[in-house]
(Lines of atoms letter the chains of each structure in order from A and count residues from 1; the text may use other names and numbers.)
(Lines give C-alpha, C1' and ligand atoms only; values in the text may rest on other atoms or scores of the structure.)
Protein backbone atom coordinates (compact mmCIF):
# COMPACT_ATOMS: atom_id res chain seq x y z
CA UNK A 1 0.00 0.00 0.00
CA UNK A 2 1.48 3.31 -1.04
CA UNK A 3 2.20 5.88 1.67
CA UNK A 4 2.28 9.51 0.54
CA UNK A 5 5.39 10.58 2.43
CA UNK A 6 7.06 13.84 1.42
CA UNK A 7 9.85 13.34 -1.11
CA UNK A 8 12.44 14.77 1.31
CA UNK A 9 11.58 12.02 3.85
CA UNK A 10 12.87 9.19 1.62
CA UNK A 11 15.26 11.15 -0.65
CA UNK A 12 18.42 9.85 1.01
CA UNK A 13 17.26 6.33 1.89
CA UNK A 14 19.68 3.58 0.83
CA UNK A 15 18.77 1.61 -2.28
CA UNK A 16 17.99 -1.66 -0.44
CA UNK A 17 14.82 -3.22 0.95
CA UNK A 18 14.36 -2.17 4.57
CA UNK A 19 12.01 -3.61 7.17
CA UNK A 20 10.77 -1.35 9.92
CA UNK A 21 8.02 0.81 11.32
CA UNK A 22 7.06 4.45 10.98
CA UNK A 23 7.25 5.88 14.48
CA UNK A 24 6.75 9.20 16.26
CA UNK A 25 6.80 8.02 19.86
CA UNK A 26 5.20 5.67 22.36
CA UNK A 27 1.45 6.01 22.45
CA UNK A 28 1.40 7.81 19.07
CA UNK A 29 0.19 4.93 16.89
CA UNK A 30 -3.11 6.66 16.01
CA UNK A 31 -1.26 9.80 14.91
CA UNK A 32 1.02 7.78 12.60
CA UNK A 33 -1.92 5.73 11.35
CA UNK A 34 -3.82 8.88 10.38
CA UNK A 35 -0.72 10.43 8.83
CA UNK A 36 -0.06 7.51 6.46
CA UNK A 37 -3.69 7.48 5.27
CA UNK A 38 -3.56 11.10 4.08
CA UNK A 39 -3.51 11.76 0.35
CA UNK A 40 -1.34 14.86 0.81
CA UNK A 41 1.73 14.76 3.06
CA UNK A 42 1.82 17.09 6.08
CA UNK A 43 5.49 18.23 6.22
CA UNK A 44 5.19 19.42 9.81
CA UNK A 45 3.96 16.04 11.08
CA UNK A 46 6.33 14.06 8.86
CA UNK A 47 9.27 15.98 10.35
CA UNK A 48 8.51 14.14 13.62
CA UNK A 49 8.44 10.67 12.00
CA UNK A 50 11.34 8.22 11.91
CA UNK A 51 11.48 4.96 10.00
CA UNK A 52 12.64 2.64 12.77
CA UNK A 53 14.64 -0.15 11.13
CA UNK A 54 14.17 -3.78 12.19
CA UNK A 55 15.93 -5.80 9.53
CA UNK A 56 17.25 -6.28 5.98
CA UNK A 57 14.91 -8.87 4.42
CA UNK A 58 16.99 -9.55 1.32
CA UNK A 59 20.34 -9.96 3.05
CA UNK A 60 21.84 -13.47 3.35
CA UNK A 61 23.78 -12.48 6.50
CA UNK A 62 22.96 -13.69 10.02
CA UNK A 63 21.00 -11.23 12.19
CA UNK A 64 23.91 -9.74 14.16
CA UNK A 65 25.70 -8.90 10.87
CA UNK A 66 22.51 -7.53 9.30
CA UNK A 67 22.14 -5.32 12.37
CA UNK A 68 25.66 -3.92 11.90
CA UNK A 69 24.85 -3.16 8.24
CA UNK A 70 21.58 -1.45 9.29
CA UNK A 71 23.50 0.81 11.65
CA UNK A 72 25.70 1.96 8.77
CA UNK A 73 22.76 2.40 6.37
CA UNK A 74 20.80 4.49 8.89
CA UNK A 75 23.60 7.09 8.86
CA UNK A 76 22.56 8.01 5.30
CA UNK A 77 19.29 9.66 6.37
CA UNK A 78 17.99 11.67 9.30
CA UNK A 79 14.64 9.91 8.74
CA UNK A 80 16.16 6.50 9.56
CA UNK A 81 16.93 5.09 12.98
CA UNK A 82 17.85 1.52 13.95
CA UNK A 83 15.98 -0.15 16.80
CA UNK A 84 18.50 -0.65 19.60
CA UNK A 85 19.48 -4.26 20.16
CA UNK A 86 20.94 -5.48 23.44
CA UNK A 87 22.20 -8.84 24.69
CA UNK A 88 21.12 -10.05 28.10
CA UNK A 89 22.85 -12.72 30.14
CA UNK A 90 19.94 -14.24 32.05
CA UNK A 91 16.19 -14.74 32.12
CA UNK A 92 16.06 -12.53 35.24
CA UNK A 93 17.73 -9.69 33.30
CA UNK A 94 15.33 -10.26 30.41
CA UNK A 95 12.22 -9.88 32.59
CA UNK A 96 13.69 -6.89 34.45
CA UNK A 97 14.27 -5.20 31.10
CA UNK A 98 10.78 -6.16 29.86
CA UNK A 99 9.13 -4.76 33.00
CA UNK A 100 11.12 -1.52 32.70
CA UNK A 101 10.24 -0.83 29.08
CA UNK A 102 6.58 -1.80 29.58
CA UNK A 103 6.43 0.68 32.49
CA UNK A 104 7.71 3.30 30.01
CA UNK A 105 4.81 2.55 27.64
CA UNK A 106 6.32 -0.10 25.34
CA UNK A 107 4.30 -3.16 24.27
CA UNK A 108 7.06 -5.67 24.82
CA UNK A 109 10.28 -7.01 23.31
CA UNK A 110 11.33 -8.78 20.15
CA UNK A 111 13.79 -11.58 20.85
CA UNK A 112 16.26 -12.40 18.05
CA UNK A 113 18.67 -15.24 17.54
CA UNK A 114 21.95 -13.56 16.67
CA UNK A 115 22.97 -16.14 14.09
CA UNK A 116 19.56 -16.53 12.41
CA UNK A 117 19.18 -16.03 8.68
CA UNK A 118 16.20 -13.86 7.66
CA UNK A 119 13.03 -15.93 7.21
CA UNK A 120 9.70 -14.78 5.80
CA UNK A 121 6.73 -15.65 8.03
CA UNK A 122 6.62 -17.04 11.54
CA UNK A 123 9.80 -18.50 12.94
CA UNK A 124 11.22 -19.25 16.36
CA UNK A 125 14.28 -17.18 15.39
CA UNK A 126 12.36 -14.01 16.30
CA UNK A 127 9.72 -13.99 19.02
CA UNK A 128 7.51 -11.36 20.66
CA UNK A 129 7.65 -11.22 24.44
CA UNK A 130 4.79 -9.33 26.10
CA UNK A 131 3.33 -9.22 29.58
CA UNK A 132 -0.10 -10.76 29.96
CA UNK A 133 -2.69 -9.46 32.40
CA UNK A 134 -6.01 -10.92 33.35
CA UNK A 135 -9.33 -9.31 34.21
CA UNK A 136 -12.97 -10.17 34.76
CA UNK A 137 -16.08 -9.05 32.89
CA UNK A 138 -19.78 -9.91 32.73
CA UNK A 139 -21.22 -11.34 29.50
CA UNK A 140 -23.94 -8.98 28.23
CA UNK A 141 -24.41 -10.30 24.69
CA UNK A 142 -23.02 -12.04 21.63
CA UNK A 143 -22.04 -11.29 18.06
CA UNK A 144 -22.69 -13.94 15.44
CA UNK A 145 -19.69 -15.51 13.79
CA UNK A 146 -18.78 -15.25 10.13
CA UNK A 147 -17.45 -17.79 7.68
CA UNK A 148 -16.91 -21.14 9.36
CA UNK A 149 -18.43 -19.72 12.57
CA UNK A 150 -21.70 -18.58 10.95
CA UNK A 151 -24.49 -19.73 13.24
CA UNK A 152 -22.14 -19.82 16.23
CA UNK A 153 -20.77 -17.16 18.54
CA UNK A 154 -18.28 -14.86 16.87
CA UNK A 155 -17.56 -12.73 19.93
CA UNK A 156 -18.74 -12.17 23.48
CA UNK A 157 -19.97 -8.68 24.31
CA UNK A 158 -18.76 -7.99 27.86
CA UNK A 159 -18.88 -5.25 30.49
CA UNK A 160 -16.15 -4.61 33.03
CA UNK A 161 -16.77 -3.34 36.57
CA UNK A 162 -15.70 0.18 35.50
CA UNK A 163 -18.47 0.20 32.85
CA UNK A 164 -16.24 -0.34 29.82
CA UNK A 165 -18.02 -2.47 27.20
CA UNK A 166 -16.18 -4.33 24.43
CA UNK A 167 -16.09 -7.61 22.52
CA UNK A 168 -13.81 -10.61 22.96
CA UNK A 169 -13.61 -12.58 19.73
CA UNK A 170 -10.47 -14.69 19.95
CA UNK A 171 -9.17 -17.54 22.05
CA UNK A 172 -12.31 -19.69 21.88
CA UNK A 173 -12.55 -23.35 20.93
CA UNK A 174 -15.20 -24.48 18.43
CA UNK A 175 -17.13 -26.08 21.32
CA UNK A 176 -17.07 -22.80 23.29
CA UNK A 177 -18.37 -20.99 20.21
CA UNK A 178 -21.28 -23.46 19.97
CA UNK A 179 -21.98 -23.22 23.73
CA UNK A 180 -20.85 -19.77 24.92
CA UNK A 181 -21.15 -18.61 28.54
CA UNK A 182 -24.64 -17.46 29.49
CA UNK A 183 -25.54 -13.79 29.58
CA UNK A 184 -24.84 -12.56 33.10
CA UNK A 185 -21.91 -14.96 33.58
CA UNK A 186 -18.68 -13.60 35.02
CA UNK A 187 -15.72 -14.54 32.83
CA UNK A 188 -11.97 -14.11 33.20
CA UNK A 189 -9.83 -13.21 30.20
CA UNK A 190 -6.20 -12.50 29.38
CA UNK A 191 -5.18 -9.31 27.63
CA UNK A 192 -2.08 -7.43 26.62
CA UNK A 193 -2.85 -3.78 27.36
CA UNK A 194 -6.13 -2.03 26.71
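In this note's numbering, the protein residues as written are -16 to 177. The beta carbon of each residue, even a glycine, is placed where N, CA and C say it ideally should be. Since the model is a prediction, treat every value here as computed from it, not as a measurement.
- Residue 58 has its alpha-carbon roughly 13 angstroms from the corresponding atom of residue -2.
- Nearest neighbour of residue 63 by Cα position, chosen from 92, 142, -8, turns out to be -8.
- Separation of residue 71 and residue 29 (C-alpha to C-alpha, rounded to the nearest whole angstrom) is 34 angstroms.
- Beta-bridge pairing by DSSP links residue 45 to 100.
- No Cβ-Cβ contact shorter than 8 angstroms links residue 171 with residue 150.
- Excluding the 5 residues flanking it on each side, residue -11 has same chain C-beta neighbours closer than 8 angstroms at 24, 26, 29, in chain order.
- Taking all protein chains shown into account, residue 36 has 16 or more neighbouring C-beta atoms within 10 Å of its C-beta and is therefore buried.
- The region 131 to 138 makes contact with the region 149 to 167: 3 or more CB pairs, one atom from each, lie closer than 8 angstroms.
- Of all C-beta pairs linking the region 38 to 47 to the region 99 to 108, three or more are shorter than 8 angstroms, placing the two stretches in contact.
- Residue ranges of uninterrupted beta strand (DSSP E) with 3 or more members, entirely inside the region 110 to 167 and ordered along the chain, are 116 to 127, 136 to 142, 148 to 151.
- When Cβ pairs closer than 8 angstroms are counted between the two stretches, the region 74 to 89 is seen not to touch the region 49 to 56, the count staying below three.
- Shown here for residue 168: same chain residues with a beta carbon closer than 6 angstroms to its own, the five before and five after excluded, namely 122 in chain order.
- Boundaries of the beta strand (DSSP E) around residue 34: 33 to 38.
- Membership of residue 3 in any alpha helix (DSSP H) is not indicated; the residue belongs instead to the beta strand (DSSP E) covering 2 to 6.
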